[in-house]
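Counting in our numbering, the sequence shown runs from 77 upward without gaps. Glycine residues also receive a C-beta, built at the ideal position from the N, C-alpha and C atoms. Remember, predicted model here, so these are calculated numbers, not experimental data. First the structure, in the form of structure tokens, and then the observations on it.
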Amino acid sequence: MTILDDHKDQFGTSFDDNKKILNDISIIRSKSLKNKISGYITKLIKNEIRIKAEKENQQSDQKTNTDTEVSADTDKTESSESPKKDTDTNE
Numbered sequence: 077m078t079i080l081d082d083h084k085d086q087f088g089t090s091f092d093d094n095k096k097i098l099n100d101i102s103i104i105r106s107k108s109l110k111n112k113i114s115g116y117i118t119k120l121i122k123n124e125i126r127i128k129a130e131k132e133n134q135q136s137d138q139k140t141n142t143d144t145e146v147s148a149d150t151d152k153t154e155s156s157e158s159p160k161k162d163t164d165t166n167e
């Protein structure tokens, strides 16, 4: 879609705003076609935002899980070390 490729930074998540921007950058005489294109652009932008947010959540979850595993490994190492008994006592 050439319009979206050339003017992607102008479009957003608002259908009405996208419709106005579409009027400014192109000539579409059919009201229904203009609405379909604006709706499609809005849907694409919202999907891109949703996918980006999901990827960020996955990355933060992976980082949290990695930090938790490192903490758990450190705790296991510390708890597995038993205190040494003093064998040099003269009892």
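Check	Outcome
List the endpoints of the continuous alpha helix (DSSP H) containing T78.	T78 to H83
Between the alpha carbons of F91 and T144, how many angstroms are there, rounded?	42 Å
On the criterion of 16 or more Cβ atoms from any shown chain inside 10 Å, does K113 qualify as buried, or is it exposed?	Checking the displayed sequence, the identity of residue 113 turns out to be Ile instead of Lys. That one is buried.
When you compare the stretch 111-127 with the stretch 80-89, are there three or more beta-carbon pairs, one atom per stretch, that lie closer than 8 Å?	yes
Taking a contact to mean a Cβ-Cβ separation below 8 Å, would you say H83 touches I104 in this structure?	no
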